[in-house]
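Colleague:
Residue numbers (this note's numbering): 269 to 542.
Below, the structure is given as structure tokens:
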């Protein structure tokens, strides 16, 4: 059964990456200061077009024109939150997909409330680590290690299903296995290497990549999300073959994503239905 699934998912992932390269979707990124560089370079390497635009004065003109919106609350502030909400509202009204990365959602009541308010604006996809997804599903502030997860991804599967059903979003939980659910279906992407966790903003970057994949296949958000997670993981695996540590892995990750070909994607993608 797994071999059959692999033979289905590899071509799906390649089709999504190929579509991003052909269509070069414009992705508006309202993201954190730490992640802007890697996020923009990840999108460019995959063939998408990043726009790091977050001014409330520009959003009414700009956001309705983008192919997808990506919102990341990593360095959340009072000044940025209204812009995030306005952009999410406009994306939804324009029927454009938007993706939320609820960084450290359970770290404070301000951050949790901001994330829950954004979720009420109907994101297409929510991607977080296990602790973040559990905090959102329970709507509660809890123990956290900053942006790091205190839980394994498998611990958050039921919370992810609950959040997917309550929000209407596809929910992805990152970890050793990346789980993706729409509340009914559940798939697991098993690509990547542990050292990717030693590079700041890899989670932010893959969420932006999800936005690009969903932009070219909005009607299949679960498949697009799983494909993006697997493709990014494959790039990490290939980069690790040349890397000496986190800094060189960062460079080789971007190069590998840029150079991915059909045979590498189809042979290396590991996605299974749970």
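Glycine is no exception: its CB is placed at the ideal position from the N, C-alpha and C atoms.
All values derive from a computational prediction rather than experimental measurement.
Under 8 angstroms: do the region 470 to 487 and the region 529 to 536 share three or more Cβ pairs, one atom per stretch?
Modeller: The region 529 to 536 and the region 470 to 487 do not touch, with fewer than three beta-carbon pairs separated by less than 8 angstroms.
Colleague: Using three-state DSSP, classify residue 396 as helix, strand or coil.
Modeller: Here residue 396 refers to the residue found at position 128 when the chain shown is read from its first residue. Residue state, collapsed to three classes: strand.
Colleague: Once DSSP output is grouped into helix, strand and coil, what is the label at residue 534?
Modeller: Here residue 534 corresponds to residue number 266 of the chain shown, with the count starting at 1. Correct three-state label for residue 534: helix.
Colleague: Can you give me the Cβ contacts of residue 414 inside the same chain, cut-off strictly under 8 angstroms, excluding the 5 residues immediately before and after it?
Modeller: Counted from its first residue, the chain shown places residue 414 at position 146. Interpretation of residue 414 is limited by its pLDDT of 47, a score under 50 that renders its predicted location unreliable; the figure taken from the coordinates is listed afterwards. Excluding sequence neighbours, residue 414 sits near 372, 375.
Colleague: The alpha helix (DSSP H) with residue 216 in it runs from where to where?
Modeller: Residue 216 is absent from the structure shown; the chain starts at 269 and stops at 542.
Colleague: Could you check the C-alpha separation between residue 317 and residue 520 for me, to the nearest Å?
Modeller: Here the question's residue 317 lines up with position 49 in the chain shown. Here the question's residue 520 lines up with position 252 in the chain shown. Their Cα atoms are separated by approximately 20 angstroms.
Colleague: Distance cutoff 7 angstroms, beta carbons only. Does residue 490 sit that close to anything in chain B?
Modeller: Looking at the structure shown, chain B is missing, and only one protein chain is on hand.
Colleague: Could you tell me the distance, in whole angstroms, from the CA atom of residue 389 to the CA atom of residue 439?
Modeller: The residue labelled residue 389 in the question sits at position 121 within the chain shown. The residue labelled residue 439 in the question sits at position 171 within the chain shown. When only Cα atoms are considered, residue 389 and residue 439 end up about 15 angstroms apart.
Colleague: Go through its chain and collect everything with a Cβ distance to residue 506's Cβ below 6 angstroms, but skip five positions before and after it.
Modeller: For this step, residue 506 is matched to residue 238 along the chain shown. Within the same chain, residue 506 has close Cβ partners 524.
Colleague: Taking the CB atoms as reference points, tell me whether residue 334 and residue 296 lie closer together than 7 angstroms.
Modeller: Here the question's residue 334 lines up with position 66 in the chain shown. Here the question's residue 296 lines up with position 28 in the chain shown. Contact: yes.
Colleague: Return the Cβ separation of residue 522 and residue 310 in integer angstroms, given the expectation that the two are a contact with Cβ distance under 8 angstroms.
Modeller: To locate residue 522, count along the chain shown from 1; it is residue 254. To locate residue 310, count along the chain shown from 1; it is residue 42. Here residue 522 really is in contact with residue 310; their C-beta atoms are around 7 angstroms apart, less than 8 angstroms.
Colleague: Can you tell me which of the three DSSP states residue 293 falls into?
Modeller: Taking the first residue of the chain shown as 1, we reach residue 293 at position 25. Coil at residue 293, not helix or strand.
Colleague: Between the beta-carbon of residue 448 and the beta-carbon of residue 494, is there less than 7 angstroms?
Modeller: In the chain shown, residue 448 corresponds to position 180, counting from 1. In the chain shown, residue 494 corresponds to position 226, counting from 1. Taking 7 angstroms as the Cβ cut-off, residue 448 and residue 494 qualify as a contacting pair.
Colleague: Looking at the unbroken beta strand (DSSP E) that takes in residue 447, where does it start and where does it end?
Modeller: For the purposes of this step, residue 447 is identified with residue 179 of the chain shown, where counting begins at 1. It spans 446 to 449 - the beta strand (DSSP E) in which residue 447 sits, taken as one unbroken run.
Colleague: With C-beta atoms as the reference, is residue 301 less than 7 angstroms away from residue 343?
Modeller: As a first step, residue 301 must be located in the chain shown, where it is residue number 33. As a first step, residue 343 must be located in the chain shown, where it is residue number 75. For residue 301 and residue 343, yes; Cβs fall inside 7 angstroms.
Colleague: Quick one: grab the DSSP three-state call for residue 495.
Modeller: What you label residue 495 is simply residue 227 of the chain shown in a count that begins at 1. DSSP places residue 495 in helix when its eight states are reduced to three.
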